[in-house]
Amino acid sequence: MFPAQGWGQLLPLLLVFCLFRSAFTVKHEGFKTCEQSGFCKRNRAYADNVATLGNSWTSPYTLFSKSLKIDNGYITATLLKSLGEGVQSVELSLMITFLQSGAARITVDEKKRRQGEIELRHGSQARKERYDEASKWAIVGGEKLDKSAKADTSSKETVVNYGPNNRYRAVISHSPFSIDFFRDDQLHVKLNGKGLMNMEQWRPKVEKPDIKEGEDSKEEEQSVEQGEDESTWWEETFGGNTDSKPRGPESVGLDITFPGYEHVYGIPGHASSLSLKQTRGGSDAYEQPYRLYNSDVFEYEMDSPMTLYGAIPFMQAHRKDSTVGVFWLNAAETWIDIVKRKVSSNPLSLGIGGKTDTETHWFSESGLLDVFVFLGPTPKDVISQYSELTGYTQLPQQFAIAYHQCRWNYVTDEDVRDVDKKMDRARIPYDVIWLDIEYTDGKKYFTWDAHTFPDPLGMEKQLDSHDRKLVVIIDPHIKNEGNYLVVDELKSKSFGVKNKDNNLYEGWCWPGSSHWVDCFNPAALEWWKSLFTYSSFTGTAANTFVWNDMNEPSVFNGPETTMPKDNIHHGNWEHRDVHNINGMTFVNATYHALLAREPPASRRRPFVLTRSYYSGSQRLGAMWTGDNQAEWSHLAASIPMILTQNIAGFPFAGADVGGFFGNPSKELLTRWYQAGAFYPFFRGHAHIDTRRREPYLAGEPYTFIITQALRLRYQLLPAWYTAFHAASVSGVPILQPHYYVHPSDEAAFAIEDQFYLGSTGLLAKPVVTEGAETVSIYLPPGETYYDYFTYSTHVGSGSTIAIPAPLDKIPLLMKAGHIFPRKDRPRRSSGLMRWDPYTLIIALGSNGEAEGDLYVDDGESYDYEDGAYIHRHFSFSSSTLKSSDLSADTDMSKPSKKRKAYLTAMTAVRVEKMVVIGAPMEWKGRSEVKVEEQGAKQTRTVEMKWFQGDGGAANWAVIRDPGMEIGKGWTVKF
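Going letter by letter, the sequence shown gives residues -25 to -1, 1 to 949 in mature numbering (1 follows the signal peptide of the UniProt record, and there is no 0).
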């Protein structure tokens, strides 16, 4: 039963919320603007005041030279914040560390307060210091100090040379404090160059006397002049909710400038462009800063800096042949202003022929000022350095990168069985079917509705017969109902989030009255693991995995549909300090719970999908872009949104195919499947009120065309898995935007509607407009591309070309000079493809050369960590194709047991076909190639057929059944 307030109060709220979610426009009044966010308004006002003062402004922050200490790879000092004449300066602790990766880290904190020096009001349980544990959740490596860094200091500045070959230099100005970062003697990043650094120091609340009518307050006038508005220092109200703010004002702000850089990217998630827009000034500027505050924003609008479900405070700046980046390590609500300012070296040129500086202004509500600076010089370098710190993307099980079929909700276990059979009957491949909240008994997680899902194990057994999986939803809100073991234990063991009075927090979500598990609590994590055991979560099997939704957290009756900021988490940290990390802690708990289901020797990789995320969430699973709409604009927006995730270190990303809200036309649904076939996470999903839209229901020709898109995804799974492996060891994006692949092509740095798949050379441009018969695709100058389906040849000229794109055609090109693997036999699921042979596609460059990679393991276990994998490099040169080993364990005389067993099992897996595109004319008339295989006693001769392309298509050659083992070294001579 529900608590005392009862259904009378609960039902109206839930009804209003459901209606709220059924509308098709975002309710802006439910979310703050910068003007309504006290610290955002204050920091913007601070910036405006600095701009008004101009050259007369001096930043009040000074490095106290006598406190400076320089050691092996790091610098410590005291910063002094001047509060004006006759007022004691505030002391801040500064640490700058220089890392072996080439990254530099700048951390500023207040000097630790003595216990009781600042009294918290209302008997609050909140900590009396700034939150300093964000790195505990986000940082997992890359922190080794660069002990070779060399520092020279004077009374005015300290200069540090560091990084590979001492290419990088940091110039630290003491008064006013600022840092300039150079690479190869060129300035690339400036911190506090505009003097916007602002750390709101902690202070006791002073009750001011009432000002009588006719009297002036000089103190108030001074406060206004400095851009300070005290009205939200100690309490803030929005939407009927009051934030008690017991610690008062404590925001941190800093300006970061990228001199000579016009394009900046990153800081997901937003439904915005790949190249980020200005937020202050400019014809295309947003009115609001980009906001990072994980929120349940349903029916979000396009082309907006409004916050969404996740927050990754990592930004890159790119110009011709140079990329740099910054990572703002702060888990509190954060806003970012962007200004692009034209700068001319000649004052008489009026900006003509000048450069553009991108000026960014970052400010967070609480926590430390903690910034990493990456100096590149390539996009790959910057993303790699960031990924080394926050962790590489999880290498998922292979099924997870295949197609997922979902809706809210499959209503019975018989419904699931029926969809499974109909997909088979229509010969439509898929790997996973999903269950939303209706599978539970009254929305109580870890239960089944006995009436609609009486036989979940039988359902899972049917799925398993074709190597398919089930995913069930588990959210962080736990229904507050009597005789429900999970909530009873949460209460008795005190594993829930507390309110400001240190009592168990109660809010409303899908089940009604709910409590939220506090995944910052190590004991709660161990308890959470126990809930996922097969004996506890009865009805689940080894092929059952988990979807974590609503973990921002979403609270229907909370401020901005989330948890009050003055709630208390484990360690007595306020929710305001940890909000953007909260969702990641929940996924972390679920990931380790799934891992613990099996004994260590037989563990399989977990699969968890999350809606909320932060830097580091990529280590734990996949994400999707949330509650999109069945509209062409949302299909188009999904591409830059997913590309942004990829360059921000979280490449396992997707969007709901078909749109979550609304009913797509059959053309839109078809085009969305064609686009979704190139999402790293590929799932069809729909709202409970939409019409059923499984692919077999579309009718012809749509079902056939959708099936072809799905089969293309399955055909290319070896290439996808290879790209996922590369991401899991180096952070390289799975989907790569144009600027990443062509960092010199200035004309195309803003392109956001086409992309490359890993290092395969495959270039896709999904159709995102209604009624399109062609698309315009940009090809860089001098590059040759072949059409994936027809082999027609296109040579780039630095402009767009028209590519035919009727409804049954996906615009997909192959960049010359690349080799990629396929599996061409159609199967019902990816698991049934395990022992299938490979096809190698060899797209020759103008020099007659090409190269590419293949990575393969068992697709589910951790045996690859013991060498049980195959990693080959293919190279074509001088009419010879070679396969060489990229394995780390290359000592074949002493392979690990698991490696030996895996390679033995893979001896039957062979190359069944090779296709050479751009085959030279001199091959015409030749009918065979010679194969030399490692360990073979003699050379084999295999048949080759050469074909002449028509109508602008390239010539090609096909070698069928060459018979080489995929795991061995071999040479094919043409």
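No residue lacks a Cβ here, since even glycine has one placed at the ideal position from N, Cα and C.
Judged by DSSP in its simplified three-state form, Met434 adopts helix.
Taking all protein chains in view, the Cβ of His550 is crowded by 16 or more other Cβ atoms within 10 Å, so the residue is classified as buried.
Taking each of Asn557, Ala516, Thr298, Phe512 in turn and checking the Cα distance to Ala307, the smallest one comes out for Asn557. Gln729 is positioned such that its CB atom lies no closer than 7 Å to that of Asn477.
Between the alpha carbons of Ile448 and His245 lies a distance of about 24 Å. Between Glu363 and Gly116, the C-beta gap is smaller than 7 Å, which places the two residues in contact.
Between Ile845 and Thr51, the alpha-carbon positions lie close to 47 Å from each other.
With respect to the 7 Å criterion, Val716 and Tyr731 are classified as neighbours on the basis of their beta carbons. Among the bridge pairs identified by DSSP, Ile147 is matched with Thr133, Ile154.
Annotation: Met808 is outside any beta strand (DSSP E) and is labelled neither H nor E by DSSP. Ser854 places its beta carbon less than 7 Å from that of Phe949. Between Gly624 and Phe656, the gap from beta carbon to beta carbon reaches 7 Å or more. Scanning the region 258 to 292 for uninterrupted beta strand (DSSP E) segments of 3 residues or longer gives 265 to 267, listed from N- to C-terminal end. Of the candidates Ala652, Val884, Pro626, Arg666, the residue whose Cα lies closest to the Cα of Phe636 is Arg666.
For Phe39, the secondary structure class from DSSP, reduced to helix, strand or coil, is strand.
The three-state secondary structure of Arg400, taken from DSSP, is helix.
Under DSSP, Trp491 takes part in a beta bridge, and its partners are His452.
A check of alpha carbon separations from Gly893 across Asp393, Thr759, Tyr714 identifies Thr759 as the nearest.
The bridge partners DSSP lists for Ile556 come to none.
For Ala79, the enclosing beta strand (DSSP E) begins and ends at 79 to 85. Between Leu500 and Thr82 the beta-carbon gap is near 27 Å, outside 8 Å, which marks them as no contact. Secondary-structure assignment with DSSP links Ser859 through a beta bridge to His848.
In this structure, the beta-carbon distance from His163 to Phe152 does not fall below 7 Å. When the beta-carbon positions are compared, Leu171 and Pro615 stay at least 7 Å from each other.
Met290 is the residue among Val492, Ile453, Met290 whose C-alpha sits nearest the C-alpha of Tyr236.
Counting only the Cα atoms, Val462 lies some 36 Å from Glu276. Using a 10 angstroms sphere on the CB of Gly351, the tally of other CB atoms reaches 16 or more, which defines it as buried. Judged by their CB atoms, Thr298 and Val357 are nearer to each other than the 7 Å cut-off. For Tyr405 and Phe653, the gap between their C-alpha atoms comes out near 15 Å.
For Asn18, the enclosing alpha helix (DSSP H) begins and ends at 13 to 28.
Excluding the 5 residues flanking it on each side, Ile817 has same chain C-beta neighbours closer than 6 Å at Ile794, Ala825, Phe851, Val891, in chain order. Excluding five sequence positions before and after Ala564, the CB atoms of its chain that fall closer than 6 Å to its own CB belong to Cys494, Leu500, Trp503, given in chain order.
Exclusion of the five residues before and after Ser511 leaves Phe421, Ser505 as the residues of its chain whose Cβ lies within less than 8 Å of its Cβ. A Cβ-Cβ distance of about 23 Å is found for the pair Thr232 and Glu340, leaving them out of contact under the 8 Å criterion. By the Cβ test, the region 582 to 599 is not in contact with the region 708 to 727, since fewer than three Cβ pairs between them sit closer than 8 Å.
When rounded, the separation of the alpha-carbon atoms in Asp720 and Gly771 is 12 Å.
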